[in-house]
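Report on one structure; see the data block that follows.
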Amino acid sequence: MIETDSLTKWFGRHRGIEDVSLSVERGEVYGLLGPNGAGKSTAIRLLLGLIRPTGGTGTVLGFDTWARRREVHRRVGVLPSEFAYEDGLTGRQVIEFFARLRGAEAGSYADELAERLRADLDRPQKQLSRGNHQKIGLIQALVHKPELMMFDEPTGGLDPLMQEEFLRIVGELREEGRTILLSSHNMAEAERACDRVAMIHEGSLMAVETVDSMLARAPKHMRVVLDEPADEADFGSLTGVSDLRIDGKVVEFDVTGEIDAVLRTITRGRVVDLVCERPSLEHAFVRLYEDNGA
Amino acid sequence: MIAMLVGHTLRLRSRSNLIWAAGMLVWSIVIVAIYPSISHVNYEELLKAYPKEVLKAFGMEDAAAFSTPIGYLNGELFSLVFPWAIVFLPLGVLNHCLPAAEERHFLDNLLCTPVGRWQVVAGATLAAAASLAIVLVLLWAGTIVSAELIGVNLGYSDLARSCFALFPLASLIASFGALVAGARGGRGMTLGFAGGVLVLMYMLPVIAAFEDSFEEIQKISVFYYYNDWLSNGIVWGQAGLVLVVAAALTAVGALLFERRDIAS
């Protein structure tokens, strides 16, 4: 669905993205992750033909992102990171206008989405909060049921309940076989929504992996309370253990890979309490950034 | 697609267009209402004291024209005030649809629909032209009705000529705005450049009245033709040429807009 080969964008002397090569398959939810300024939005704007590549190539649905951008636009739904609609128009008028431009009807699906996202379609834009404005943007991007959707920071401004609902909608779209590219710096959201993620740092791809394999490689955080003070030598020499902190009887550390040796060391004495946190994409992300000297 | 964009913009600008028309109409009515009280003035005698160059620079060579209602209205409004005011109507529409829409990220959404960039420029231009036409027609109709009520005979066709003469003039100046909006965007740059062209074009015939070497150069100014249209009637070939130049400048703007990055 999306292919880029060494896609590069410089804004004069400022880097946008550099040598980004990625491939998004049909039916997958693909996350572009990275901190603010990493180049996520630049990558999406390049894919949408809003800006011209300085180097490399990109195709979306087989169409060149710059030369054939209108073909791309016929087939996608887009939520930009920043967007505005006319102040005086209601959400319904905005959604109907954009649907008509795409040759579609907003119809009952707009109402269904509005109900799920609790969006008020009858209030003018100037009266909407950021979250409600974001909901109108999401409905606008979804209402024509495109085969490919690109969302740039889609849950910005949404409250936790609506973030949850958005993730449910994303899940349903994936079930229907639609493809979604989303950028986010919200790791928990990406972990739940995405099949694969690309991590961007300072405009370059650091890693592209499935969420499952990234989580499998991510360190697990363990906190152990022993019945007598712990000896740093016992834990410090264990393979895969990092970020070791010992405070009397309390030992905290991260562990990657096999945990058998760790468990054997812990159970040499009596264990009062043991917490092993599920590895998170955020943890993996931070570790990857640290490993890359970021 | 273009019709949809034009309709959308006109709906959004309807109140603004009415305010423009009302403002110009009130001004026009005031001038028409004053006319009966100064109609006895002998302008030929009054303007004798002025140097020829000054009269030429400000289009007052034919003093006798001031003694007619339409001549007086042209002298008071259509020769200076209205041309300077009206160009900012289509410029405002273009600014709203292009650089302002880009700066507030409306284009980020609009240009991700099947609408082509050139269609966005064409839609903005046609909406600007339609707004201009609506305001000029309202100005004409309102002034005629008011003049009838006041008891001043302006002449339907004479006033229509004065109103219509503003259309190519404002279209041309606005097209410089479309050129800049397409080439690089920026509300300030768009208004500033078009405003600069307006000043330059206005000044050329004024300077030419004092300086013979500007006699030929002044012909690149739309005011050179506009002033003549007010006095002697519209030369349709000239008006058509001005509109063709405006369309060409807009087309170049659209072409450049197709090729550049949308501001983030």
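Which chain is which? The protein sequence lines are B and F, in order.
The working numbering puts the first residue of the first sequence at 1, with every later residue one more than the last.
The working numbering puts the first residue of the second sequence at 1001, with every later residue one more than the last.
Glycine included, every Cβ here is placed at the ideal spot set by N, Cα and C.
Inter-residue spacing [alpha-carbon to alpha-carbon] between F:A1254 and F:L1200
Taking C-alpha positions only, F:A1254 is separated from F:L1200 by approximately 24 Å.
Could you run through the stretch 68-83 of chain B and flag, in chain order, every residue whose CB is less than 8 Å away from some CB of chain F?
Taking 8 Å as the Cβ-Cβ cut-off against chain F, the residues of the stretch 68-83 of chain B that qualify are R70, H73, R74, V76, V78, P80, E82 and F83.
Under a CB-based cut-off of 8 Å, is B:E96 close to chain F?
Answer no: the Cβ-Cβ gap between B:E96 and chain F never drops below 8 Å.
Does any residue of chain B bring its CB to less than 8 Å from the CB of F:D1212?
It does not: the Cβ of F:D1212 has no partner Cβ on chain B nearer than 8 Å.
Can you grab the Cα-Cα spacing for the pair F:I1144 / F:V1026, in whole Å?
Distance between the alpha carbons of F:I1144 and F:V1026: 12 Å.
According to DSSP, simplified to helix, strand and coil, what is F:G1240?
F:G1240: helix per DSSP, three-state reduction.
Determine the direct distance from the alpha carbon of F:L1047 to that of F:S1039, and round the result to whole angstroms.
Looking at the two C-alpha atoms, the distance is approximately 15 Å.
Can you list, in chain order, the residues of its chain whose CB lies under 8 Å from that of B:T42, leaving out five sequence neighbours each side?
Within the same chain, B:T42 has close Cβ partners K9, G16, I17, I51 and G203.
Would you mind stating whether B:E105 and B:A114 have Cβ atoms separated by less than 8 Å?
No, the Cβ-Cβ distance between B:E105 and B:A114 is not below 8 Å.
Rounded C-alpha distance that separates F:R1011 from B:R102:
Taking the Cα positions, F:R1011 is about 20 Å away from B:R102.
Three-way DSSP call (helix, strand, coil) for B:G156 in this model
B:G156: coil per DSSP, three-state reduction.
Nearest candidate by alpha-carbon position, reference F:S1131, set F:G1186, F:S1221, F:G1007 and F:N1042:
It is F:G1007 whose Cα lies nearest to the Cα of F:S1131.
What runs of the alpha helix (DSSP H), each 4 residues or longer, lie entirely inside the stretch 28-84 of chain B?
Restricting attention to alpha helix (DSSP H) runs no shorter than 4 residues, the stretch 28-84 of chain B encloses them at 40-47 and 69-73, ordered along the chain.
Residue burial classification, B:F11 (beta-carbon count within 10 angstroms, cutoff 16)
Exposed: under 16 other Cβ atoms inside 10 Å.
Quick check on F:I1019: buried or exposed, where buried means 16 or more other Cβ atoms within 10 Å of its Cβ?
F:I1019 is classed as exposed because its beta carbon has fewer than 16 other beta carbons within 10 Å across all chains shown.
Can you name, in chain order, every residue of its own chain whose Cβ lies under 7 Å from the Cβ of B:G77, other than the five neighbours on each side?
Apart from the 5 residues on each side of it in sequence, B:G77 sits with its Cβ closer than 7 Å to the Cβ of A141, L142, H144, P146 and M149 in its chain, given in chain order.
Cβ pair F:Q1218, F:L1230 closer than 8 Å:
In this structure, F:L1230 does not lie closer than 8 Å to F:Q1218 by Cβ.
Could you check what DSSP says for B:M1 in three-state terms: helix, strand or coil?
B:M1 falls in the coil class under three-state DSSP.
What does DSSP give as the partner residues of F:I1173 in its beta bridges?
Answer by DSSP bridge pairing: none, since F:I1173 is not bridged.
Can you tell me the Cα-Cα spacing of B:M222 and B:D247, whole angstroms?
So the alpha carbons of these two residues sit roughly 14 Å apart.
For B:R278, which of helix, strand or coil comes out of DSSP?
B:R278: coil per DSSP, three-state reduction.
F:V1041, DSSP secondary structure in three states:
DSSP places F:V1041 in coil when its eight states are reduced to three.
Under 8 Å, CB to CB, which of the residues in the stretch 1232-1258 of chain F have a partner in chain B?
Taking 8 Å as the Cβ-Cβ cut-off against chain B, none of the residues of the stretch 1232-1258 of chain F qualify.
Name, going along the chain, the residues of the stretch 36-68 of chain B whose beta-carbon falls closer than 9 Å to a beta-carbon of chain F.
Against chain F - using a Cβ distance shorter than 9 Å - the residues of the stretch 36-68 of chain B are S41, T42, R45, L48, G49, L50, I51 and R52.
Three-state class that DSSP yields for B:A207 in the structure shown:
B:A207: strand per DSSP, three-state reduction.
Own chain residues within Cβ distance below 6 Å of B:Y69, not counting five before or after
The sequence as given places Arg at residue 69 of chain B; Tyr does not occur at that position. Correct list, in chain order: G49.
Using the C-alpha atoms, what's the distance from B:V170 back to B:I180?
So the alpha carbons of these two residues sit roughly 8 Å apart.
Quick check on F:W1084: buried or exposed, where buried means 16 or more other Cβ atoms within 10 Å of its Cβ?
By the neighbour-count rule (16 or more Cβ atoms within 10 Å), F:W1084 is not buried but exposed.
For chain F, check one thing: does any of its Cβ atoms lie closer than 8 Å to the Cβ of B:L182?
In terms of beta-carbon proximity, B:L182 stays away from the interface with chain F, with every pair separated by 8 Å or more.
So is B:G107 in contact with chain F if we call contact Cβ pairs under 8 Å?
Not an interface residue.
What in chain F is Cβ-close to B:R100, meaning under 9 Å?
Residues of chain F whose Cβ lies closer than 9 Å to the Cβ of B:R100 are, in chain order, M1004.
Is DSSP giving F:I1234 helix, strand or coil here?
In the structure shown, F:I1234 sits in coil (DSSP, three-state: anything other than H, G, I, E or B).
Determine the closest residue to B:R168 out of B:R196, B:M214, B:S183 and B:R192, with distance taken between C-alpha atoms.
Nearest C-alpha to B:R168: B:R192.
Figure out for me which residue from F:E1148, F:P1090, F:G1075 and F:G1177 has the closest Cα to the Cα of F:A1021.
Looking from the CA of F:A1021, the closest CA among F:E1148, F:P1090, F:G1075 and F:G1177 belongs to F:P1090.
Does any C-beta atom of chain F lie closer than 8 Å to the C-beta of B:E18?
Taking Cβ atoms only, chain F never reaches closer than 8 Å to B:E18, which makes this a no.
Name the one or two DSSP bridge partners that B:W10 has.
Partner(s): B:R15.
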